[in-house]
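Residue numbers (numbering that gives the first Met the number 0): 0 to 398. C-beta atoms are modelled at their ideal positions from N, C-alpha and C, and glycine is treated no differently. It should be emphasised that the depicted structure is a prediction, and the values quoted were computed from it without experimental measurement.
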Amino acid sequence: MATTTRIRPRALLHASGGPRYAAALAVDALGTGLLRPFLLLYGVTVLGLSAPATGIAMTVGIVAGLLCMPAVGRWLDRGARSTAVAASMLVRVLGVVLLLATPTGNAELFTAAALFLGIGNQAWPAAHAALVATIAHGRERDAALAGGRALRNAGLGVGALLATACLTGGTTALRALAVVTAVAYLAAAALTWSVPVHADRTRPAGRPSGAENTAVEPAPRMRSLLAANVIYAFCLNVPEIALPLVLVTQMDASPMWPAAIFVTNTVLVVTLQVPVTVLLSRFPRRSVLAVAGVLLTASYLGFLAAASLGHGWAAPTIAAVSVVCTLGEIVYAGSATALVTALAPAHALGRVLARFQLSTGFGLAVSPAAITALAPHGPAALWGGLATATLLAASAVAH
0 MATTTRIRPR
10 ALLHASGGPR
20 YAAALAVDAL
30 GTGLLRPFLL
40 LYGVTVLGLS
50 APATGIAMTV
60 GIVAGLLCMP
70 AVGRWLDRGA
80 RSTAVAASML
90 VRVLGVVLLL
100 ATPTGNAELF
110 TAAALFLGIG
120 NQAWPAAHAA
130 LVATIAHGRE
140 RDAALAGGRA
150 LRNAGLGVGA
160 LLATACLTGG
170 TTALRALAVV
180 TAVAYLAAAA
190 LTWSVPVHAD
200 RTRPAGRPSG
210 AENTAVEPAP
220 RMRSLLAANV
230 IYAFCLNVPE
240 IALPLVLVTQ
250 MDASPMWPAA
260 IFVTNTVLVV
270 TLQVPVTVLL
280 SRFPRRSVLA
290 VAGVLLTASY
300 LGFLAAASLG
310 HGWAAPTIAA
320 VSVVCTLGEI
330 VYAGSATALV
340 TALAPAHALG
350 RVLARFQLST
360 GFGLAVSPAA
370 ITALAPHGPA
380 ALWGGLATAT
390 LLAASAVAH
């Protein structure tokens, strides 16, 4: 398969779904960035719910989203593309409307709102990947997936910054953020709906319409790859959960350190996701994914080494090592979904992507509990455990 060694903005934009779909991704990410980091605060401060009740409701939403993935996969295999992406956005509109309609102290309605938000959040990645795989093919598709992730991270970052700036307004500001989020999701859904994309089930995703049909292949199980992906997904929560936990609660470092690490992570992903993915397109995707595991393992060992330094050096060292962790995340994100779409036969693309999202979502769901359970046992348990598990996952991917 031909490699892509240069970034061509116009071709990348077309392969990603065109200008209107790119605008939809940006608006959707902006809305998600406005609300997602502060949904817990909304439940506690605006609705007066207890922190445990709010957390349970949010967990229910994540689990419900994961349980819906098989149905989403079957829908995608019937040809849905832009309709499925728009539906994932509209479901979240309903979730935000329910959130705004929830009276103070009503945990049931807040749970319903979290449920619809969870379904939309889990369905979107698979639907988006299927849409891009239908429009683009080969390494151009890899670059388009990377471009979508970079754009989404930029929108999430801007949304989170705007939301942080609005927090001084108290409960009124949080309600306003929810309203803006609903409007953003609705606008994104409308933009997506205006870009009709539907898969031709008679040909492989991403293959030109003139290509000959291939025999129906069974859907690959990819058990080792999906199991490894659960471990790989932990890296996505390291900047948001593991590093703040270690720096602030165990090293008594200033909260500015985790904030700076998070901002650096976002900036690096936005600026490097596409160039790194394009640069590595000359190598097999499976090998690149294994290298991502090695980079992540090296960063976890670096965090372990930093923990042995004095408090004056530990925080700066962890910040420096976090760049290696972010590079591992970038390589992982640029190769994992691309590998899955390349392995999946056309008739089962939706189901394969749904299973992949299940493994990613499961990893993201259990990683906070795993990280917070390991951290009290010391750096060796936390970083040594993550390093061992990730290295085993990289080995499984390589073979």
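Could you tell me which residues DSSP pairs with histidine 376 in its beta bridges? DSSP, once it has assigned bridges, lists no residue as partnering histidine 376.
Pick helix, strand or coil for alanine 79, following the three-state DSSP scheme. strand
Which of helix, strand or coil does DSSP assign to histidine 414? In the structure as shown, the chain starts at 0 and stops at 398, and residue 414 therefore has no counterpart that could be examined.
Can you tell me the Cβ-Cβ gap for alanine 28 and glycine 158, rounded? I've got them flagged as a contact below 8 Å. 7 Å
For the alpha helix (DSSP H) that contains aspartate 141, what are its first and last residues? 137 to 165
Grab me the residues of alanine 395's own chain with a C-beta within less than 8 Å of its C-beta, minus the 5 sequence neighbours each way, in chain order. Ser223, Leu224, Ala226, Ala227
Member of Arg9, Tyr231, Ile260 whose CA lies at the smallest distance from the CA of proline 238: Ile260
Could you give the DSSP three-state label for histidine 197: helix, strand or coil? strand
Quick check on threonine 213: buried or exposed, where buried means 16 or more other Cβ atoms within 10 Å of its Cβ? Because threonine 213 sits at a pLDDT of 46, beneath the cut-off of 50, its placement in the model cannot be relied upon, and the point is left open.
Cβ-Cβ distance between leucine 359 and leucine 348 below 8 Å: In the sequence under discussion, the amino acid at residue 359 is threonine, which differs from the leucine named in the question. Cβ atoms of threonine 359 and leucine 348: not closer than 8 Å.
Cα-Cα, which of Leu114, Leu385, Ala10 is closest to glycine 54? Leu114
Going straight from the alpha carbon of glycine 154 to that of alanine 21, what length do you get? 11 Å
In terms of alpha-carbon separation, which member of Ala52, Ala142, Gly377 lies closest to alanine 106? Ala52
What would DSSP say about arginine 7, mapped onto helix, strand or coil? coil
State the Cα-Cα distance for the pair alanine 111 and valine 178, rounded to the nearest angstrom. 17 Å
Cutoff 6 Å; reference glycine 60; Cβ partners in own chain excluding five residues on either side: Ala113, Leu114, Leu116, Gly117
Among Met88, Leu99, Leu338, which one has its Cα closest to the Cα of serine 280? Leu338
Where the alpha helix (DSSP H) through valine 26 begins and ends: 18 to 34
Smallest Cα separation from valine 262: which of Leu48, Thr389, Ala318, Ala397? Ala318
What is the DSSP secondary structure of leucine 39, counted as helix, strand or coil? helix
Cα-Cα separation between leucine 385 and leucine 278, rounded to whole angstroms: 28 Å
Closest residue to alanine 23 among Arg148, Ala187, Ala332 (Cα-Cα distance): Ala187
Any idea what DSSP makes of histidine 398, helix, strand or coil? coil
Output the residue ranges of the beta strand (DSSP E) runs that lie fully inside the region 263 to 318 and measure 3 residues or longer, sorted by chain position. none
Which residue wins for smallest C-alpha separation from threonine 170, given the options Leu46, Leu326, Val196, Arg354? Leu46
Residue burial classification, glutamate 211 (beta-carbon count within 10 angstroms, cutoff 16): Unreliable positioning characterises glutamate 211 in this predicted model, as indicated by a pLDDT of 44, which lies under 50. The coordinate reading is nonetheless provided below. Its Cβ having fewer than 16 others within 10 Å, glutamate 211 is exposed.
Could you name the residues of the same chain whose beta carbon sits closer than 8 Å to that of valine 245, not counting the 5 residues immediately before and after it, in chain order? Phe302, Ala306, Ile317, Ala374, Pro378, Leu381
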